[in-house]
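There are 6 protein chains.
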Amino acid sequence: MKNHFVQSISPGDTIDDEFALVEKTMLQKRDGNQYLNIILADRTGQIKGVVWDNVRTIAGAVEAGDFVHVTGSVSEYRGTPQLVVRTMTAVAPDKVQAEDFLPATDLDVDQLHERLVKLTETFTTPWLRHLFEAFWQDQAFVTAFKKAPAAKLMHHAYLGGLLVHCLSMAVLADKIAVHYNGLDRDLLIAGAILHDIGKLREFDYSAAIDYSDEGRLLSHIVIGLEMVDEKLRQIVDVPRDQANQLKHMIVSHHGEPAFGALEPPKTIEALVLHYIDDLDSKINAVRDFMAKEDPSQNWTSYHRILGRHFYRGNQKDILPKADG
Amino acid sequence: MKNHFVQSISPGDTIDDEFALVEKTMLQKRDGNQYLNIILADRTGQIKGVVWDNVRTIAGAVEAGDFVHVTGSVSEYRGTPQLVVRTMTAVAPDKVQAEDFLPATDLDVDQLHERLVKLTETFTTPWLRHLFEAFWQDQAFVTAFKKAPAAKLMHHAYLGGLLVHCLSMAVLADKIAVHYNGLDRDLLIAGAILHDIGKLREFDYSAAIDYSDEGRLLSHIVIGLEMVDEKLRQIVDVPRDQANQLKHMIVSHHGEPAFGALEPPKTIEALVLHYIDDLDSKINAVRDFMAKEDPSQNWTSYHRILGRHFYRGNQKDILPKADG
Amino acid sequence: MKNHFVQSISPGDTIDDEFALVEKTMLQKRDGNQYLNIILADRTGQIKGVVWDNVRTIAGAVEAGDFVHVTGSVSEYRGTPQLVVRTMTAVAPDKVQAEDFLPATDLDVDQLHERLVKLTETFTTPWLRHLFEAFWQDQAFVTAFKKAPAAKLMHHAYLGGLLVHCLSMAVLADKIAVHYNGLDRDLLIAGAILHDIGKLREFDYSAAIDYSDEGRLLSHIVIGLEMVDEKLRQIVDVPRDQANQLKHMIVSHHGEPAFGALEPPKTIEALVLHYIDDLDSKINAVRDFMAKEDPSQNWTSYHRILGRHFYRGNQKDILPKADG
Amino acid sequence: MKNHFVQSISPGDTIDDEFALVEKTMLQKRDGNQYLNIILADRTGQIKGVVWDNVRTIAGAVEAGDFVHVTGSVSEYRGTPQLVVRTMTAVAPDKVQAEDFLPATDLDVDQLHERLVKLTETFTTPWLRHLFEAFWQDQAFVTAFKKAPAAKLMHHAYLGGLLVHCLSMAVLADKIAVHYNGLDRDLLIAGAILHDIGKLREFDYSAAIDYSDEGRLLSHIVIGLEMVDEKLRQIVDVPRDQANQLKHMIVSHHGEPAFGALEPPKTIEALVLHYIDDLDSKINAVRDFMAKEDPSQNWTSYHRILGRHFYRGNQKDILPKADG
Amino acid sequence: MKNHFVQSISPGDTIDDEFALVEKTMLQKRDGNQYLNIILADRTGQIKGVVWDNVRTIAGAVEAGDFVHVTGSVSEYRGTPQLVVRTMTAVAPDKVQAEDFLPATDLDVDQLHERLVKLTETFTTPWLRHLFEAFWQDQAFVTAFKKAPAAKLMHHAYLGGLLVHCLSMAVLADKIAVHYNGLDRDLLIAGAILHDIGKLREFDYSAAIDYSDEGRLLSHIVIGLEMVDEKLRQIVDVPRDQANQLKHMIVSHHGEPAFGALEPPKTIEALVLHYIDDLDSKINAVRDFMAKEDPSQNWTSYHRILGRHFYRGNQKDILPKADG
Amino acid sequence: MKNHFVQSISPGDTIDDEFALVEKTMLQKRDGNQYLNIILADRTGQIKGVVWDNVRTIAGAVEAGDFVHVTGSVSEYRGTPQLVVRTMTAVAPDKVQAEDFLPATDLDVDQLHERLVKLTETFTTPWLRHLFEAFWQDQAFVTAFKKAPAAKLMHHAYLGGLLVHCLSMAVLADKIAVHYNGLDRDLLIAGAILHDIGKLREFDYSAAIDYSDEGRLLSHIVIGLEMVDEKLRQIVDVPRDQANQLKHMIVSHHGEPAFGALEPPKTIEALVLHYIDDLDSKINAVRDFMAKEDPSQNWTSYHRILGRHFYRGNQKDILPKADG
């Protein structure tokens, strides 16, 4: 069990605790001896560490991505705390509390998923019903879908975040399909659920949220298209034109090429999807950011990516609980 | 009454009809005599014309912005039809059918406006209720608000378009205020109704939709702030901080400085407003564009401003009627 | 057989000739009667036409994309020649000379293709050899690959252009794999051949070069990935990591997101591929452009997309024949 | 009186001195006890501090924006000095030397202001004379105008800086109105004086220069327009068109939308104003920057915002004293 | 002598007049016979022409850049007038009125130049005095300097325009050198006179204003540096550091790399020069544009490059006569 | 001889070693006494230092740019090591091992240069042969050319780097001149060798690689043009048009104005040169970056300028040795 979280570690502390091992780099001292630089993490942050003794034994027993049990002490190096490791051994994933290492939604992901299933059962378009039946019957997919984050940093950057994001968008899509006439409701909701589905493999989120090799080389857009294609091959009588429209929503949901859209949205449904994705992502990015800041202040600190301070104003109670 | 609309005028036609006089420029021939170049319009387009005879009399009797009765014939100049004017006299605005000259919404603007009034009567924030009472009791304002277009070209570019746009956004805002917790519903709906209010004076739409002098010099954002300020001065006990948040929604609704936002959205409500403005404007711009194109084709022609062809797909029936 | 090419058609000409029918739009006159606007093309350009009589019969007998035999006469409308059609009937594709309608490379595409096959037979990487065997054994693929253009307008915009471009790049890749140490030659050449392979379906080039529905919705990058994936499923023992590197070359070959790269090049081979693609495309775009201009002038006219005049200088003889 | 300035505080120092309290944030330790993070400032910089004891009493007695008397000692935290506060009490503003906390111009602001008044008395345009009479008779305005800075960081970032900037621009405007024929001198000078007037409220500069709530939500452009509007309402016979031209100068003085101009300059006077604002701001930004650097070096260090090193060359004597 | 100016030529006219021959392109008809496409110009514009008969004789007797005497008649081709040439012969430059072909300043260029000479005689920096003595004693240089335009289209686009621009800037520079302390007056004025000096060779302005080969390949910045270098080689004791500062003003006067500055301005003088160049160019571009428009209208037409309409307002009298 | 390299200096170390003195700034303490801030460097990095005693003597004996012998001890200031200097004296350049202070290529620069000379001897264009004879006979030029780096940070940022880069490009140019028909081989190779020649003076690389005054004011493009011009003046019968094409390659090799091209490439040779410069620079920048990173990791750390992580993949052996 975790005693010390990274956020509260200070120089002088003695450490006897579990962490996720994020990085491990073997280096050589000027005298020819090897040492090991490491990065450890839990859900509150990351800390650097160094192993001076028993280097080969320790290095041989753990891999980046493992959970590890570490003993040692905390010194200071170039102004930040550094963990001087005495022992480090791998810990089986089922021996740790996953939620100590990765932040997760407070919501019941089974319930959230059930709401999505219900929504897809209302579809009147046969091939889209069959497509989602194929997804929901794929247990490995469903398990991953309930766990995946929607981002590494910006919004819904926690376990279950992708599901929270997709459900919120699907509910919004349902409302907007009523608001504007002429929209294909089933297609729009299907796009809302599947537009980011490639994030199941774009990220690695076993011990910490980071990009996978595949994610960095191909992006969640390409991976998502592959995942949809794989399921489409299991269904008969898929209208090719409509399938292309669904894929187009994945291809175009970032809106502009400069932001990663291979094509700009060219159908009404793709346009709507882009805007509600932008809306839901940004609202949640800002609410997550506000939630970390001192609630007694009118203004947040400066948000580097969005380039501004945010004004809390009357927002007294902006818990990122389930919307809609 | 109109017989010939501009769209259908061809070289060789004889003209005896009403138009809006858009521009009038006095020029001089090489022999020293003056002639008049004019631009005439109706709701189907614009045509150039020239007056060779009785120039001073005709020029003295009409002004740009007038409705005029014109007789003459159509020749061709540098590849396009040109109207050679024999007579041109002013026509009183109440003698023409306004809808022949400016496109207008098919919807009942009184009903649309009534829906907005009802919505503001549900507000629980006193100063916002008083603010809208002040607006709704201002008959000149209400008359203009029912008539103003939302744009010259891009979206809702017809009489009543601003009201259609604001109502659609207000209804959307109401839905989204329920979808996300922590939003100030009254403030968000107020912003949806007032964010473009400066367009009442940014545009001149008596005989044709064009920018007013004030509109070109100050923009609808500055004009809208002045209009809100004027009403706020009539109300007591306006909380200064909340009034600034309302003004901030007008200041920031274009999202980024490069698109005309003096400040980026810094409150949750201003963020939401920006996205639903973008959503409603673009959806309607695309639907208006599709409505003008051959419905039997899968693809529209190239949309120069949005930079793409649009795919009609299943959109068989996308009349821009009242949404929501 | 073609007598009149579009480029040389003038008002007053009588027409009795074959064209590609590019567009067909049914419209209605003010008197309620229908007429047909059409666009006809051959390899020298496009001309607009109109059908006033027998509209339904003619419209029912031809489709956009057909070759048609047309009789009629040429008038002038708004400053450009317009074909007034008397009769128009479909012509079977095997009855026309394809090269009258679409520009094509002068080179022997079978020979070019044979050179590519030979190059892939030198590969020492088993799965890449198998991948290309799968492509080369797919007759439909090979036929299309020998015919596809590389672009609609910019470079290699003629039948066989894609093959010319890929061969030139593959030969360059081979030279550069020797120039820089540490490059994976097989992977680089494979990327050179396959990076644009999606253009086989992105374009429609039966009667004229234009984008296909699929091409506009998904882009050649996504289509190309699907084509590679389909072949990879037929091969055993594909190393997943290397396959992702090959796909990454397709994903990243445009270099930057703003130019359509979902990810920027992240391997040395992807970097090299991007630069030689840019080099070969631009060199050929400029040479194709120069070839259309008066060879006695030092400067070309202004190239709108590249934004400059080009200086011919010593380039007396820049026929775009096979390079390398 | 100040003994220690922030710039010279080092770990190990004992502090018994006055500061401006910039920020105050109450936080909670893991043991449940509260502590206080603070930021203190004087004209030489800012330093972080922490209060561990008597937290509630101290926190209740001071507010951000107060001048405070602090005793304590200096330690080091994560590589930078940190003040561990023992006592902190508010000090009345009239008990401190304002110039210890905020940098101020060396010039006599009464004299500078008198020069501006004289300049506006030469106006021959009645409504502009009346407008400035209204401003000069508003004592609260004049007091603030003599004190306001022109920026937080970039140029004229000191008390009185706005007045120095406006006077320099007004004098330049006067010269340029003579240089180019056809300029409206009174309008141009009026714009030079009023273009940044909203900075009186955009900034808060009682104890330190920072943005006000209103400034962040509305920007100095909107605030300036409100201030001019308020004065215009007190004058009779203001020609609406000319007033709009004056407001247009405020609206457009940043030149381009991306830099905060709601409209680009559309009159000759607005164009000139934009260029002399850019000239005066940048010249002073560079001179202020040079003045802080070692005068014996040919090159300044790298200026992050302007993106370059500056070359001192012959500039031996570039004191930012009154120009013109 | 000119009878017909291009601006007033209409289909049906008979032509017997002088023009500048701008372009000459030999083409081939389908029957194998050659014909000649030409472009003719005078100061009011350009007109296309064609030669069907005596093609070789005529083509052999004239070159692009010649003045020519043309007889023929005016027809219409694709909606614009086209001159069908019967005869065309070269005319010696001294037989035409240069001002019929190229617009020129109304001012006395000798007087303008004399003012510049006087200004440089006030310099107290020896090497700068010697530099200008070298320029002023170079008769070919002075002759060209009095004739060169400052641009092809945008501002001061007429003979003598460069001199008008440089004098205006030099006078402004003199005023600003007094306004801001610490400026090197001689260096600043020298930069004002020489910053665009490469335009003497960047443009060809014998019969019409166009870019020279050298101008298109090297730009006026590189040519100007060569011209200054050539004169510097004739002077002894040039302080290398100061000469580099002068060259830096030429290198950086466009302000930003994207606008053609190889380096951004890094000295105070280079900064000032950039701003007064921008100011003088834009003011004159707008005044030249206004001068061509109907003076009775409040707004100009849309200026494509500057992206806006301009408001005339009180500008009743904006003749581009000598400023300062 | 060096004992301690900067990279391995830690707080507590005693120093008695040689460094390059990069910067020296005299400052004043609050008590009126002076002290000296310095920056020392060797090929492994930079370290800050301070001199408290004998300040005037020490400051008078050394200059920035000198090699110095330093004794003292290492403390820590604001989280980074700082050298407290006891003594510092100048060391003659011939007494130090240059390679301790500046990284240098491992290759034999005489051999590399010889390959370039051989290549230019194959030229068939007389004036280009003469041009290179003039360069190769200039001993000072050849010495500098063998020593200059190609950049301060990005690629080939070591002594000899410019020569390595130019040779690689010249060899590539030779191959590409064969690959595409119609290229002027001599001109292309000449451009490859000379395009960056101004870097000989743009950088100062006696004790550390930094920009020279001239480099910052004029850029390597302008300096390179001056160097070519100087040699061209020594040759008779240089065809002006071809010389301008060579200069154009220097002017345009950065491709776009925003990246420092005064004109975009307008000849085929200039286009090719731009692409192979981009190719060779980027490949080497990435390989140099990879070479500094842990070879056991699949991904490099984040490259700030290129904005991505790089994937090592199969690149096991990417020593930046001579290519081609």
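Chains as they are written, first to last, in my numbering: chain A, -12 to 311; chain B, -12 to 311; chain C, -12 to 311; chain D, -12 to 311; chain E, -12 to 311; chain F, -12 to 311. By construction, the Cβ of each residue, glycine as well, lies at the ideal position given by its N, Cα and C atoms.
task: Measuring only between beta-carbons, confirm whether Met13 (chain B) sits less than 8 Å from chain E.
output: Locating residue 13 (chain B) in the second sequence gives position 26, where the first residue counts as 1. Closer than 8 Å to some Cβ of chain E, the Cβ of Met13 (chain B) qualifies, so yes.
- prompt: Any beta-carbon of chain C closer than 8 Å to the one on Ser62 (chain B)?
  reply: The sequence position of residue 62 (chain B) within the second sequence is 75, counting from 1. Chain C, which has no Cβ nearer than 8 Å to the Cβ of Ser62 (chain B), makes this no.
task: Could you check how far apart the C-beta atoms of Ile176 (chain D) and Glu189 (chain D) are, in whole angstroms? I think they sit under 8 Å.
output: Here residue 176 (chain D) refers to the residue found at position 189 when the fourth sequence is read from its first residue. Here residue 189 (chain D) refers to the residue found at position 202 when the fourth sequence is read from its first residue. Actually they are not in contact, since the Cβ atoms of Ile176 (chain D) and Glu189 (chain D) sit about 22 Å apart, beyond 8 Å.
message: Tell me the rounded alpha-carbon separation between Lys303 (chain D) and Arg172 (chain E).
response: If you number the fourth sequence from 1, residue 303 (chain D) lands on position 316. If you number the fifth sequence from 1, residue 172 (chain E) lands on position 185. Interpretation of Lys303 (chain D) is limited by its pLDDT of 44, a score under 50 that renders its predicted location unreliable; the figure taken from the coordinates is listed afterwards. Computed Cα separation, rounded: 14 Å.
- request: Determine, using beta carbons only, whether Phe119 (chain C) comes closer than 8 Å to chain F.
  value: Counted from its first residue, the third sequence places residue 119 (chain C) at position 132. Not one chain F Cβ lies under 8 Å of Phe119 (chain C).
- request: Round the Cβ separation of Gln21 (chain D) and Val42 (chain D) to the nearest angstrom and send it over; I've been treating them as touching at under 8 Å.
  value: Translated into positions along the fourth sequence, residue 21 (chain D) becomes position 34. Translated into positions along the fourth sequence, residue 42 (chain D) becomes position 55. With 8 Å as the limit, Gln21 (chain D) and Val42 (chain D) qualify as a contact, their Cβ atoms being about 5 Å apart.
- prompt: Tell me which same chain residues have a C-beta within less than 7 Å of the C-beta of Ser(-5) (chain F), skipping the five on either side of it?
  reply: Residue -5 (chain F) sits at position 8 when you count from the first residue of the sixth sequence. Cβ within range, chain order: n/a, list empty.
message: Can you find the residues in the same chain that come closer than 8 Å, C-beta to C-beta, to Ser288 (chain D), ignoring five residues on each side of it along the sequence?
response: Within the fourth sequence, numbered from 1, the residue matching residue 288 (chain D) stands at position 301. These residues qualify, in order along the chain: Glu280 and His296.
- prompt: Is Glu86 (chain E) helix, strand or coil when you go by DSSP?
  reply: In the fifth sequence, residue 86 (chain E) corresponds to position 99, counting from 1. The answer is helix: DSSP assigns Glu86 (chain E) an H, G or I state.
Buried versus exposed call for Asn(-10) (chain F) [16 or more other C-beta atoms within 10 Å across all chains shown]: Position 3 of the sixth sequence, counted from the start, is the residue given in the question as residue -10 (chain F). It counts as exposed.
query: Can the beta-carbon of Phe88 (chain A) be found less than 8 Å from the beta-carbon of Val57 (chain A)?
result: The residue labelled residue 88 (chain A) in the question sits at position 101 within the first sequence. The residue labelled residue 57 (chain A) in the question sits at position 70 within the first sequence. Taking 8 Å as the Cβ cut-off, Phe88 (chain A) and Val57 (chain A) do not qualify as a contacting pair.
- prompt: Between the beta-carbon of Ile270 (chain D) and the beta-carbon of Val259 (chain E), is there less than 8 Å?
  reply: Numbered from 1 along the fourth sequence, position 283 holds the residue referred to as residue 270 (chain D). Numbered from 1 along the fifth sequence, position 272 holds the residue referred to as residue 259 (chain E). Yes; because the gap between Cβ atoms is below 8 Å, this pair is in contact.
field: Candidates F:His290, F:Ser283, F:Ala160 and F:Asn285: closest to Asp275 (chain F) by CA position
entry: Position 288 of the sixth sequence, counted from the start, is the residue given in the question as residue 275 (chain F). For the residues F:His290, F:Ser283, F:Ala160 and F:Asn285, the minimum Cα distance to Asp275 (chain F) belongs to F:His290.
field: Where the alpha helix (DSSP H) containing Gly148 (chain B) begins and where it ends
entry: Your numbering for residue 148 (chain B) matches position 161 in the second sequence. Unbroken alpha helix (DSSP H) run through Gly148 (chain B): Gly148 to His166.
- prompt: What first and last residue would you give for the alpha helix (DSSP H) that runs through Met141 (chain E)?
  reply: Counted from its first residue, the fifth sequence places residue 141 (chain E) at position 154. Segment: none, Met141 (chain E) is in no alpha helix (DSSP H) and carries neither H nor E.
message: Need the endpoints of the beta strand (DSSP E) that Gly36 (chain D) sits in, please.
response: In the fourth sequence, counting from the first residue as 1, residue 36 (chain D) sits at position 49. Gly36 (chain D) -> beta strand (DSSP E) spans Gly32 to Val38.
message: Taking 7 Å as the cut-off, is the C-beta of Met156 (chain F) nearer than that to any heavy atom in the ligand FMN?
response: The ligand FMN is not among the ligands present in this structure, which contains no ligands whatsoever.
message: If you follow the alpha helix (DSSP H) that Val78 (chain C) is in, where does it begin and where does it stop?
response: As a first step, residue 78 (chain C) must be located in the third sequence, where it is residue number 91. Val78 (chain C) -> not in any alpha helix (DSSP H); beta strand (DSSP E) instead, spanning Thr67 to Val78.
Nearest neighbour of Ile25 (chain A), chosen from A:Thr31, A:Gly32 and A:Ala46 [CA to CA]: Numbered from 1 along the first sequence, position 38 holds the residue referred to as residue 25 (chain A). For the residues A:Thr31, A:Gly32 and A:Ala46, the minimum Cα distance to Ile25 (chain A) belongs to A:Ala46.
- request: Find the residues of chain A that neighbour His235 (chain C), judging by a C-beta separation of less than 7 Å, and give them in chain order.
  value: Counted from its first residue, the third sequence places residue 235 (chain C) at position 248. Under the 7 Å cutoff, chain A gives Leu204 and Leu205.
task: Give the single residue among F:Glu243, F:Arg299, F:Lys218 and F:Ala85 whose Cα lies nearest to the Cα of Gly147 (chain F).
output: One-based indexing of the sixth sequence puts residue 147 (chain F) at position 160. The residue with the shortest Cα to Cα distance from Gly147 (chain F) is F:Ala85.
query: Thinking just about the alpha-carbon of each residue, which of A:Phe54, A:Thr12 and A:Leu170 is nearest to the one in Ala28 (chain A)?
result: Your numbering for residue 28 (chain A) matches position 41 in the first sequence. Out of A:Phe54, A:Thr12 and A:Leu170, A:Phe54 has the C-alpha closest to the C-alpha of Ala28 (chain A).
- request: Ignore the nearest five residues each way along the sequence and tell me which others in Ala144 (chain D)'s own chain have a CB closer than 6 Å to its CB.
  value: Here the question's residue 144 (chain D) lines up with position 157 in the fourth sequence. If we look at Ala144 (chain D) and ignore the five residues flanking it on each side, its Cβ neighbours are Pro136 and Ala138.
query: Applying a beta-carbon distance threshold of less than 7 Å, which residues of chain D neighbour Asp265 (chain E)?
result: By one-based count along the fifth sequence, residue 265 (chain E) stands at place 278. Per Cβ cutoff of 7 Å: Tyr262.
message: So if I threshold CB-CB distances at 7 Å, which residues from the segment 230 to 255 of chain D count as touching chain E?
response: Gln232, Pro251, Lys253, Thr254 and Ile255
Which of helix, strand or coil DSSP assigns to Glu10 (chain C): Here residue 10 (chain C) corresponds to residue number 23 of the third sequence, with the count starting at 1. Glu10 (chain C) falls in the strand class under three-state DSSP.
- prompt: What's the gap between the Cα of Gly294 (chain F) and the Cα of Gly247 (chain C)?
  reply: Taking the sixth sequence and counting its residues from 1, one reaches residue 294 (chain F) at position 307. Taking the third sequence and counting its residues from 1, one reaches residue 247 (chain C) at position 260. So the alpha carbons of these two residues sit roughly 16 Å apart.
query: In terms of residues, what are the limits of the beta strand (DSSP E) holding Asp29 (chain B)?
result: Position 42 of the second sequence, counted from the start, is the residue given in the question as residue 29 (chain B). Start and end: Gln21 to Asp29.
query: Beta-carbon separation of Leu8 (chain E) and Ala51 (chain E) under 8 Å?
result: Numbered from 1 along the fifth sequence, position 21 holds the residue referred to as residue 8 (chain E). Numbered from 1 along the fifth sequence, position 64 holds the residue referred to as residue 51 (chain E). Yes, the Cβ-Cβ distance between Leu8 (chain E) and Ala51 (chain E) is below 8 Å.
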